[in-house]
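Enquirer: Protein chains in written order, with the numbering used here: chain C, 8 to 745; chain W, 3 to 162. Heads up, the beta-carbon is just placed ideally off N, CA and C, and yes, glycines get one too. The structure presented is a predicted model; accordingly, all values stated were derived computationally and were not measured.
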């Protein structure tokens, strides 16, 4: 889930046509990542059969169109948006399209959902999948009529001969189209986007009718005949092992089928592998939950059983005083002469920012249904990474990966947590022992305490402005738990004198990607500190930041993993959001506006928050305006707005009250009563979203609208109250003023 | 284990479970009615909201023994065919992102509208504060409840 620009997949893709039993037209579309060995080669034995896994598009003789959705649906709307792209190019009415979740069999290219990469990786691929089908159907119609192809157009599930007005339905044409050769990829002409009728419109999610009637969709809803129910107790201290447990007592409890310790070394570390613990298997979830209350385990508590957040904070403070070159101080990037620039500065500002560990808190707790029998395993799981899950489960079971069948379910929230598959490793290991279908359900405490957390961190900042009020020097020491700021992170490349230092704190805490990884905290520290510098310079924050963004349009990345930064796109969204929000209008004390902007996950997004802080310190976020540049085409306007609205409220949710404390090597919080999530009364009343169309390929929206929100709100709080809050969550600081 | 006859969505259902089993797990594990969701188990998230005698209740905190004499309505029985004004409004406004919390949201909203056919934003915030949406679809939840109120009012007018 990183932000590295992905090479487009389509140039190495190819299509395959096959006749289907029953006479339908199948277009299988295979993708290989650049540089990878060929994957997803169609199984020639099966292509002619009833089961045809390697197909995105299926058209039956009755004209019905089926489109396979290959990416996990985690709430980002991909199960609706990518099939829309196929339908647009194909020329079929959306109401006549049926969307089916694809199997996980290597035929669909990358089937993960993470890093907001599904749209940029698959957009052109899906266009070609639809356009290839349309091209062949058009050719079939032209041959039927004996007319030039150029006189035939597709639309509404039919091919029309424009000079005469004759039409043939897709269903009429499947037999003839099936016999045609597949056109070369370059010979397929894509639609002119100005002719799009479906893309850019508002389309409801394909599963909506089943969601609102409570049909089984999610991982936790799956069931198999003979299924038993499992819970899995791990030590709250990370890196621990069970030494023993009262298994005989537990096995005698009502409904309990079995109880046993799982503690073996498998490939993968403690985050991505099988974490040692105690399994209880019962005849119902409640029997398993109830028995667990009687479980007593003796734990060997691991390497750092006394770690605490307070201690990490003290260590961070101590190491921040160390000079470059000291032990455990890494110089990530150095430009110009920072020390000299500080000496010659008009104003120097120093600040310490810190943020805690937080949880993904997927509302559907981690769960998995596994059936291991003999040398085969079937898995039903809410996973963002079905192929990663397959590999992990295979290694835990000692199976070949092809002996593990993975079935993707709808997912009750991803946010990055379900890119790791530890829960599936547990379910599979339990089922391997019993050889029956096992549904493992984590309770909320498991989920909060054994998350792969959004890491906390500490930023020690020093910045300078010169006598012209321009940013002249930037020194940042990032004290982290495993993932440091990258050498290209903003404002590197935009300030002549720049020094980034990093230090890692020794810890055993499992960490993972959390919606807009890195950016979700870096945007806050960086944009808030820039706001501090703007005020130190006595300048308007929008003008100051436009100045920081400079006059170059494109800044190349540094080194092989560097990311280019399109400053022109960012200046554009910052200027637009200022104008659209009415930036600069006079506001009474207690009310204020703040700016946040950030480039992440290929999106350029700026947001302005408008807040009211009462004298007693209660906060209301009244309005958020977002200017969003994710390229030339919004696929599904309803889904895109949903993602931006959700990211904005989720960004506020994370920054306002969420915090996991660490004491005695474990998480203190245990459920939603002490891990406080934002609820409907605190959601901003007014969210205005403006999509700016630019001449860049369409990119994803699952993440990039989140990072700018927190700095926008915190800078608005400063404008309203004069209080500069440098610690997350916000609820730790009183905002009262007089 | 004890036998109970439950009145669920207009049908009598026999179950044989431990009396302390929360209704949530009877619905999900015993009866296969999985629209009622597990989120926290302590009444904090609202994913398991059902109606007991037309009042909203938490399936995770209601032992089956306490529900045996009540009329139980779950999301599957709210309309039977997705025609409840809230279900229509939820689809029309495309409220759901992941969708996991939405059955509980709709059941809470249905109880609100039953007692207050034309709620204000503040009424909605009060009635819905017990339901978490991790995807933060709160904007559209507010709008969809207003929309459902309009659909219901139009339906009443048409019948009058």
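Can you tell me where the alpha helix (DSSP H) with residue 185 of chain C in it begins and where it stops?
Expert: If you number the first chain from 1, residue 185 of chain C lands on position 178. Element bounds for residue 185 of chain C: 177 to 185.
Enquirer: Let me know the secondary structure DSSP gives residue 362 of chain C once reduced to three states.
Expert: If you number the first chain from 1, residue 362 of chain C lands on position 355. Correct three-state label for residue 362 of chain C: strand.
Enquirer: Taking the alpha helix (DSSP H) that residue 128 of chain C belongs to, which residues open and close that run?
Expert: Looking up residue 128 of chain C in the first chain gives position 121. From DSSP, the alpha helix (DSSP H) with residue 128 of chain C extends over 125 to 152.
Enquirer: Taking residue 490 of chain C as part of the beta strand (DSSP E), name the residues at either end of that continuous run.
Expert: Position 483 of the first chain holds residue 490 of chain C. No beta strand (DSSP E) contains residue 490 of chain C, which DSSP labels as neither H nor E.
Enquirer: Smallest Cα separation from residue 10 of chain W: which of W:44, W:78 and W:3?
Expert: Counted from its first residue, the second chain places residue 10 of chain W at position 8. For the residues W:44, W:78 and W:3, the minimum Cα distance to residue 10 of chain W belongs to W:78.
Enquirer: To which residues of the same chain is residue 236 of chain C closer than 6 Å at the C-beta, ignoring the five residues directly before and after it?
Expert: Your numbering for residue 236 of chain C matches position 229 in the first chain. 289, 291, 292, 295 and 446.
Enquirer: With DSSP as the reference, identify every bridge partner of residue 58 of chain W, one or two as the case may be.
Expert: The residue labelled residue 58 of chain W in the question sits at position 56 within the second chain. DSSP output for residue 58 of chain W lists W:53 as bridge partner(s).
Enquirer: If residue 610 of chain C sits next to residue 636 of chain C, beta carbons under 8 Å apart, how far is it from one beta carbon to the other, in whole angstroms?
Expert: Along the first chain, read from residue 1 onward, the residue named residue 610 of chain C stands at position 603. Along the first chain, read from residue 1 onward, the residue named residue 636 of chain C stands at position 629. Yes, residue 610 of chain C and residue 636 of chain C are in contact; Cβ-Cβ is about 7 Å, under 8 Å.
Enquirer: Tell me which residues share the same chain as residue 694 of chain C and place their Cβ nearer than 7 Å to its Cβ, disregarding the 5 neighbours each side in the sequence.
Expert: Along the first chain, read from residue 1 onward, the residue named residue 694 of chain C stands at position 687. So the qualifying residues of the chain are 631, 652 and 655.
Enquirer: For a quick check, are the C-beta atoms of residue 585 of chain C and residue 601 of chain C less than 8 Å apart?
Expert: On the first chain, position 578 is the one that residue 585 of chain C refers to. On the first chain, position 594 is the one that residue 601 of chain C refers to. Contact flag unset, no.
Enquirer: Relative to the C-alpha of residue 346 of chain C, which candidate in C:85, C:483 and C:120 has its C-alpha closest?
Expert: As a working note, residue 346 of chain C is residue 339 in the first chain. Considering only alpha carbons, the answer is C:483.
Enquirer: Measuring alpha carbon to alpha carbon, tell me which of C:663, C:240, C:300 and C:297 ends up nearest residue 306 of chain C.
Expert: Working through the first chain from its first residue, we reach residue 306 of chain C at position 299. Among C:663, C:240, C:300 and C:297, the Cα nearest to that of residue 306 of chain C is on C:240.
Enquirer: Could you check the C-alpha separation between residue 2 of chain C and residue 64 of chain C for me, to the nearest Å?
Expert: Because chain C spans 8 through 745 in this model, residue 2 of chain C falls outside it and cannot be assessed.
Enquirer: Could you give the residue range of the alpha helix (DSSP H) that holds residue 91 of chain C?
Expert: Your numbering for residue 91 of chain C matches position 84 in the first chain. Where residue 91 of chain C is concerned, the enclosing alpha helix (DSSP H) stretches over 85 to 97.
Enquirer: Taking the CB atoms as reference points, tell me whether residue 213 of chain C and residue 299 of chain C lie closer together than 8 Å.
Expert: As a position in the first chain, residue 213 of chain C is number 206, starting the count at 1. As a position in the first chain, residue 299 of chain C is number 292, starting the count at 1. No. Outside cutoff.
Enquirer: At the level of alpha carbons, what is the spacing between residue 39 of chain C and residue 128 of chain C?
Expert: Here residue 39 of chain C refers to the residue found at position 32 of the first chain. Here residue 128 of chain C refers to the residue found at position 121 of the first chain. Only weak support exists for where residue 39 of chain C lies, its pLDDT of 32 falling under 50; the value from the coordinates is given anyway. Roughly 11 Å between the two C-alpha positions.
Enquirer: Please compile the residues from chain W whose C-beta is within a distance smaller than 7 Å of the C-beta of residue 680 of chain C.
Expert: Taking the first residue of the first chain as 1, we reach residue 680 of chain C at position 673. By Cβ distance, chain W contributes 44 and 46.
Enquirer: Taking one C-beta from the stretch 127 to 138 of chain W and one from the stretch 66 to 74 of chain W each time, how about it: are there three or more such pairs within less than 8 Å?
Expert: With a cut-off of 8 Å, the stretch 66 to 74 of chain W and the stretch 127 to 138 of chain W do not count as touching, because too few Cβ pairs lie within range.
Enquirer: Can you tell me which residues form a DSSP beta bridge with residue 464 of chain C?
Expert: For the purposes of this step, residue 464 of chain C is identified with residue 457 of the first chain, where counting begins at 1. In the DSSP output, where bridge partners are listed per residue, residue 464 of chain C has C:362.
Enquirer: Please report how far the alpha carbon of residue 325 of chain C lies from the alpha carbon of residue 337 of chain C, in whole angstroms.
Expert: For the purposes of this step, residue 325 of chain C is taken as residue 318 along the first chain, with counting starting at 1. For the purposes of this step, residue 337 of chain C is taken as residue 330 along the first chain, with counting starting at 1. If you take the alpha carbons of residue 325 of chain C and residue 337 of chain C, they lie about 15 Å apart.
Enquirer: On the premise that residue 485 of chain C lies in contact with residue 507 of chain C, defined as a C-beta separation below 8 Å, what is that separation, rounded to the nearest angstrom?
Expert: Sequence index remark: in the first chain, residue 507 of chain C carries index 500 (1-based). Sequence index remark: in the first chain, residue 485 of chain C carries index 478 (1-based). The Cβ separation is near 7 Å, so the contact holds.
Enquirer: Give a yes or no on contact between the stretch 534 to 542 of chain C and the stretch 715 to 728 of chain C, applying the rule of three or more CB pairs nearer than 8 Å.
Expert: Contact between the stretch 534 to 542 of chain C and the stretch 715 to 728 of chain C is present, because at least three Cβ pairs lie under 8 Å.
Enquirer: To the nearest angstrom, how far is it from the Cα of residue 35 of chain C to the Cα of residue 376 of chain C?
Expert: Counted from its first residue, the first chain places residue 35 of chain C at position 28. Counted from its first residue, the first chain places residue 376 of chain C at position 369. The pLDDT assigned to residue 35 of chain C is 43, lower than 50, so where the model puts this residue is not dependable, and the model offers no usable value.
Enquirer: Determine whether the Cβ of residue 63 of chain C lies closer than 8 Å to any Cβ atom of chain W.
Expert: Within the first chain, residue 63 of chain C is the residue found at index 56, counting from 1. No, its Cβ sits nowhere closer than 8 Å to a Cβ of chain W.
Enquirer: Could you spell out the range, first to last residue, of the beta strand (DSSP E) harbouring residue 47 of chain W?
Expert: Residue mapping note: residue 47 of chain W aligns to position 45 of the second chain, counting from 1. Note, residue 47 of chain W: premise wrong, no beta strand (DSSP E); not H, not E.
Enquirer: Checking contacts by CB at 8 Å: is residue 222 of chain C closer than that to chain W?
Expert: Here residue 222 of chain C corresponds to residue number 215 of the first chain, with the count starting at 1. Cβ-Cβ to chain W under 8 Å: yes for residue 222 of chain C.
Enquirer: What are the residues that DSSP puts in a beta bridge with residue 673 of chain C?
Expert: Within the first chain, the letter at position 666 stands for residue 673 of chain C. Bridge partners of residue 673 of chain C: C:670.
Enquirer: Using 8 Å for Cβ pairs, my map puts residue 28 of chain W next to residue 66 of chain W. What's the rounded Cβ distance?
Expert: The residue given as residue 28 of chain W occupies position 26 in the second chain. The residue given as residue 66 of chain W occupies position 64 in the second chain. Sure, about 5 Å apart at Cβ, within 8 Å.
Enquirer: Check each residue of the stretch 648 to 682 of chain C: if its Cβ is closer than 7 Å to any Cβ of chain W, include it; give the result in chain order.
Expert: Result list: 649, 652, 653, 656, 657, 660, 678, 679 and 680.
Enquirer: Which one of C:415, C:176, C:222 and C:187 has the shortest CA to CA distance from residue 118 of chain C?
Expert: To locate residue 118 of chain C, count along the first chain from 1; it is residue 111. Comparing Cα-Cα distances from residue 118 of chain C to each of C:415, C:176, C:222 and C:187, the minimum goes to C:415.
Enquirer: Would you mind reading off the limits of the alpha helix (DSSP H) that contains residue 535 of chain C?
Expert: Taking the first chain and counting its residues from 1, the one referred to as residue 535 of chain C is at position 528. Where residue 535 of chain C is concerned, the enclosing alpha helix (DSSP H) stretches over 526 to 543.
Enquirer: Exposed or buried, what is residue 335 of chain C when buried is set at 16 or more other beta-carbons lying within 10 Å of its beta-carbon?
Expert: Walking along the first chain from the start, residue 335 of chain C turns up at place 328. Under this definition residue 335 of chain C is an exposed residue.
Enquirer: Taking residue 141 of chain C as the reference, give the member of C:197, C:591, C:255 and C:566 with the closest Cα.
Expert: Stepping through the first chain from its first residue, residue 141 of chain C is reached at position 134. Of the listed residues, the one whose Cα sits closest to residue 141 of chain C is C:197.
Enquirer: For residue 107 of chain W, name the three-state secondary structure that DSSP assigns.
Expert: Working through the second chain from its first residue, we reach residue 107 of chain W at position 105. Looking at residue 107 of chain W - three-state DSSP - the assignment turns out to be helix.
Enquirer: Spell out the partners DSSP gives residue 479 of chain C in its beta bridges.
Expert: The residue given as residue 479 of chain C occupies position 472 in the first chain. According to DSSP, residue 479 of chain C bridges with nothing at all.
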